[in-house]
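*Asks:* Take 22 as the starting number for the sequence shown in the working numbering and just add one per residue.
Yeah, the Cβ is synthetic: ideal placement off N, Cα and C, and Gly gets one too.
Sending over a structure as structure tokens; questions will come in a sec.
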Amino acid sequence: MVKKRNRDVEQLVDAPSIREDVEIASDDEMNVVNVEFEWFNFKPDIDFHGVKNLLRQLFDVDFQLFELSCLTDLVLSQPTIGSTVKVEGEKTDAYAMMTILNLHEHREKKVIQDIIKYLLEKSNSSRDLAPLATHLSDSTAQIGLVLSERLINVPAEIAPPLYTMLCDEIEAAVEDQEPYNFTHYMILTKTYQEIESTLDESDEPKIKKNKREKTTCDTFYFHAEDEVFKKYASVFGTFDYTNDRGLGMADSKRAFSDMGIKPQGAISLIERSKFEDAVKAVNGLVAFS
Numbered sequence: 022m023v024k025k026r027n028r029d030v031e032q033l034v035d036a037p038s039i040r041e042d043v044e045i046a047s048d049d050e051m052n053v054v055n056v057e058f059e060w061f062n063f064k065p066d067i068d069f070h071g072v073k074n075l076l077r078q079l080f081d082v083d084f085q086l087f088e089l090s091c092l093t094d095l096v097l098s099q100p101t102i103g104s105t106v107k108v109e110g111e112k113t114d115a116y117a118m119m120t121i122l123n124l125h126e127h128r129e130k131k132v133i134q135d136i137i138k139y140l141l142e143k144s145n146s147s148r149d150l151a152p153l154a155t156h157l158s159d160s161t162a163q164i165g166l167v168l169s170e171r172l173i174n175v176p177a178e179i180a181p182p183l184y185t186m187l188c189d190e191i192e193a194a195v196e197d198q199e200p201y202n203f204t205h206y207m208i209l210t211k212t213y214q215e216i217e218s219t220l221d222e223s224d225e226p227k228i229k230k231n232k233r234e235k236t237t238c239d240t241f242y243f244h245a246e247d248e249v250f251k252k253y254a255s256v257f258g259t260f261d262y263t264n265d266r267g268l269g270m271a272d273s274k275r276a277f278s279d280m281g282i283k284p285q286g287a288i289s290l291i292e293r294s295k296f297e298d299a300v301k302a303v304n305g306l307v308a309f310s
């Protein structure tokens with residue numbers, strides 16, 4: 022069970038740890054390593070660099086469009102909202118993090134203005150995301166921007182506790198009349214498509230060249246829970262990154278596969294009345310032993 026945290030920042034009780042078996046591949050065999058994940062509240066004097074690096078990963082190649090140091094400071098200014106997940110104690114860098122920011126409450130901050138401008142640009146470039154513009158332009162809307170990221174080898178099992186604790190913390194904050202009574206939850210995340218490699222094309226017949234410049238139609242999710250949230254979203258869509266360098270960038274992320282990976286941003290907008298059910302569905306995604 023995940024325990025609700027104390028709202029007193031001086032008496033915060035961190036969540037219990039969860040032991041997880043993680044498979045690590047080597048050249049000779051597959052090894053299983055026991056990893057104990059621990060949940061902590063944000064600590065500005067410890068978490069700045071770890072959180073900033075995760076935010077940089079979340080925004081992918083577009084991270085340079087934002088003042089990430091300012092965004093990190095804003096995240097850390099909410100010590101009772103959100104969590105970090107670590108492996109080797111509180112004083113180490115986070116393997117994962119989650120928080121939520123009130124876009125209306127922080128609308129005067131430049132980094133939030135930049136994010137809103139960015140989201141509006143993406144909504145104008147996608148028919149699926151077009152309704153976002155109405156919500157972002159509505160002065161009465163209380164939109165909570167969920168920022169969640171984890172290292173690539175961290176399993177999906179950490180997601181349910183993160184979201185459950187976030188809901189508990191939001192509930193407590195609303196009881197304390199803090200500005201977290203959201204009308205909508207906007208989850209900014211990442212997806213990808215597989216794309217056939219263009220490497221070594223110069224050695225192939227020209228007739229094959231056109232065939233190779235094709236992307237698969239399937240969308241894959243870096244975070245398994247995002248596929249669940251999509252089902253509850255009133256608005257969902259993907260978008261190309263502003264600094265996307267095209268096929269060359271996909272090849273750079275090819276790793277050990279014949280296919281390259283084309284990362285894309287994705288947004289799910291979920292109404293308040295559906296968010297709790299969405300989180301319950303995420304909890305059902307993974308059964309703890």
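(1) Could you please give me the residues that DSSP links to H205 through a beta bridge?
(2) Could you check how far apart the C-beta atoms of F58 and V96 are, in whole angstroms? I think they sit under 8 Å.
(3) Report the rounded CA-to-CA distance for Y242 versus L79, giving the unit in angstroms.
(4) Just verifying my parser: in three-state terms, what is the DSSP assignment at Y139?
(5) Could you check which residue in L86, M118 and S289 has the C-alpha nearest to that of A180?
(6) With a Cβ-Cβ cutoff of 7 Å, do V300 and Y184 count as a contact?
(7) Is S374 helix, strand or coil by DSSP?
(8) Strictly by DSSP, which residues pair up with F257?
(9) Which runs of the alpha helix (DSSP H) fall wholly inside the region 63–132 and span at least 4 residues, in chain order?
(10) Looking at the unbroken alpha helix (DSSP H) that takes in L157, where does it start and where does it end?
(11) Spell out the partners DSSP gives D215 in its beta bridges.
(12) Please state if the CB of I102 and the CB of A190 are separated by a distance shorter than 7 Å.
(13) Counting pairs of beta carbons, one from the region 150–161 and one from the region 240–258, are three or more of them closer than 8 Å?
(14) Starting from T263, follow its DSSP beta bridges and name the residues at the other end.
(15) Output the distance between the C-alpha atoms of P65 and E217, rounded to the nearest integer angstrom.
(16) For H316, I'd like the list of residues in its chain whose CB is within less than 6 Å of its CB, leaving aside the five on either flank, ordered along the chain.
(17) In angstroms, rounded to a whole number, what distance separates the CA positions of K112 and T155?
(18) I need the DSSP call for T185, collapsed to helix, strand or coil.
(19) With a 10 Å radius around its C-beta and 16 neighbouring C-beta atoms as the bar for buried, classify K312 as buried or exposed.
(20) Tell me whether E246 is buried or exposed, calling it buried when 16 or more other Cβ atoms sit within 10 Å of its Cβ.
(21) So, with DSSP's three-state summary, where would you put E170?
(22) At a Cβ threshold of 7 Å, is R128 touching chain B?
(23) To the nearest whole angstrom, what separates the beta carbons of S120 and L168, a pair I think is in contact under 8 Å?
(24) Are there 16 or more other CB atoms within 10 angstroms of the CB of D197, so buried, or fewer, so exposed?
*Replies:* The relevant details are as follows:
(1) I164 and E292
(2) Wrong, their Cβ atoms sit about 20 Å apart, outside the cutoff.
(3) 13 Å
(4) helix
(5) M118
(6) yes
(7) A query on residue 374 cannot be resolved here, the shown segment of the chain reaching from 22 to 310 and no further.
(8) S289
(9) 65–80 and 89–97
(10) L153 to S158
(11) One detail in the question is off: residue 215 reads as Glu in this sequence, not Asp. Paired residue(s): I282.
(12) The residue you asked about is not Ala; residue 190 is Glu in the sequence shown. It is a contact, given that the beta carbons lie within the stated cut-off.
(13) yes
(14) In the DSSP output, where bridge partners are listed per residue, T263 has none listed.
(15) 43 Å
(16) Examination of residue 316 is not possible in this model, given that the chain is present from 22 through 310 alone.
(17) 42 Å
(18) helix
(19) An answer regarding residue 312 cannot be provided, because it is not within the stretch 22 to 310 covered by the chain.
(20) buried
(21) strand
(22) Of the protein chains in this structure there is only one, and it is not chain B.
(23) Correcting the residue identity first, residue 120 is Thr in this sequence and not Ser. Indeed they touch by this definition, with Cβ atoms about 5 Å apart.
(24) exposed
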